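Mind the numbering: the sequence shown is residues 257 to 450 in our numbering, read in order.
A virtual CB, placed ideally from N, CA and C, is assigned to each residue, including glycine.
Model, not experiment: these values are computed from the prediction.
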Amino acid sequence: MKILSKYPVLIVLFTVIVLFIFFQCKNDKHAPINQDLSVVKSEIAKTNALFEKQISELLLLVSDNAEEKTIQQKFEDLRITYKKMEWAVEYFLPNSARFINGPALPEIEMDEHTELEPEGLQVLEELFYPYTPQNKNEAVRFLKKLTNKSNTIKVNFQAISVSRDQVFDAVRQEFSEFRVWEFPVLTPPYRELF
């Protein structure tokens, strides 16, 4: 009893700390969220729909023999649209990403003794800068392949679930590969996640 009367402040403080720890452990507000982030998926779907629309518009311009500057401007718009969803495509669909924005060099599969033709935005860039009518058929062919890859993105993102941890990891991975000319655009729905 002497100890209790000697240190009453210490006992009250100890009791408050024990109660605080008890209520914090009981509170479940910091539980991890494993739900599907539909806002992220819908934003990717919107961006991909715009990407597919821009591919179709560019395909029409090339087919109609539009001016070089018009084709180049539409191509730049297409590239910017892809950059808005590149972080997700690179993380969730790395094989498709390779064919959308991979290097414009042939890829050799050593196991199968085959050479894969380069395709995607970087190949189109070489065809459009400078653009000549002789490149028309090849540009149309690569734009149609790009449309198929856009459909792949649409189908896959309808089927997969996206968690907060995956979004954070994908954005972190994109920032770790940061290049000044390829800065990923984080629109407001993504900023709200963090």
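query	result
Less than 9 Å between the beta carbons of T403 and E308, yes or no?	yes
Scan the region 378 to 433 and note each continuous alpha helix (DSSP H) run of 4 residues or more that stays entirely inside, going in chain order.	392 to 415 and 420 to 432
Taking the CB atoms as reference points, tell me whether I409 and I311 lie closer together than 9 Å.	no
Report yes or no: do the region 318 to 335 and the region 382 to 390 share at least 3 C-beta pairs separated by less than 8 Å?	yes
Taking just the CA atoms, how far does V345 sit from Y338?	9 Å
If we count Cβ pairs, one from each stretch, closer than 8 Å, do we get three or more for the region 363 to 382 versus the region 412 to 420?	no
Could you check if K400 is buried or exposed, using at least 16 other CB atoms within 10 Å of its CB as the buried criterion?	exposed
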